[in-house]
Amino acid sequence: MSVIERFMQAVDNKNEEVLNELVSDDYKFVMHLDGIVLAKADIIGWAMSGSFTRTKNRVIYENDEIGVEHAFVTFANGSTPEAVLSVHRIKDGVIISTETGATALP
């Protein structure tokens, strides 16, 4: 299973152990809406929180340096669902950064 497939599965199954293995200690997640940067602990905490649900996840492209995934995301707080495209930079088999772009769904 690829790095991004394992990452998506770990997020969906709330598998903190696997997320800790796959996400670099100096990881950075850049929020698409406001440019806020989250660290490894932030993103793993967010994944464990149950504040969102992803459906129709798929890997668009992946190699040893980059992974691109797409998912439909709904939020527990009732905010507008989004189609989210995520670009993950990979180094030595772990994810070192993620940036996203999203489109609000009707």
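Residue numbering for the sequence shown follows the numbering used here, starting at 1 and increasing by one per position. Built from N, CA and C at the ideal position, the CB exists for glycine as well.
Inset, instruction - Could you tell me which of Gly-45, Phe-29, Glu-82 and Val-84 sits nearest to Glu-17, measuring between CA atoms? - result: Gly-45
Inset, instruction - Return the CA-CA distance between Pro-106 and Ala-71, expressed in angstroms with no decimal places. - result: Rounded to the nearest angstrom, the two C-alpha atoms are 15 Å apart.
Legend entry - Cβ pair Val-94, Val-84 closer than 8 Å: no
Inset, instruction - Spatial neighbours of Ala-102 within its chain, please: CB distance less than 6 Å, with the 5 preceding and 5 following residues excluded, ordered by chain position. - result: Excluding sequence neighbours, Ala-102 sits near His-32, Glu-82 and Val-84.
Inset, instruction - Give a yes or no on whether the C-beta atoms belonging to Ser-79 and Thr-100 are separated by under 8 Å. - result: no
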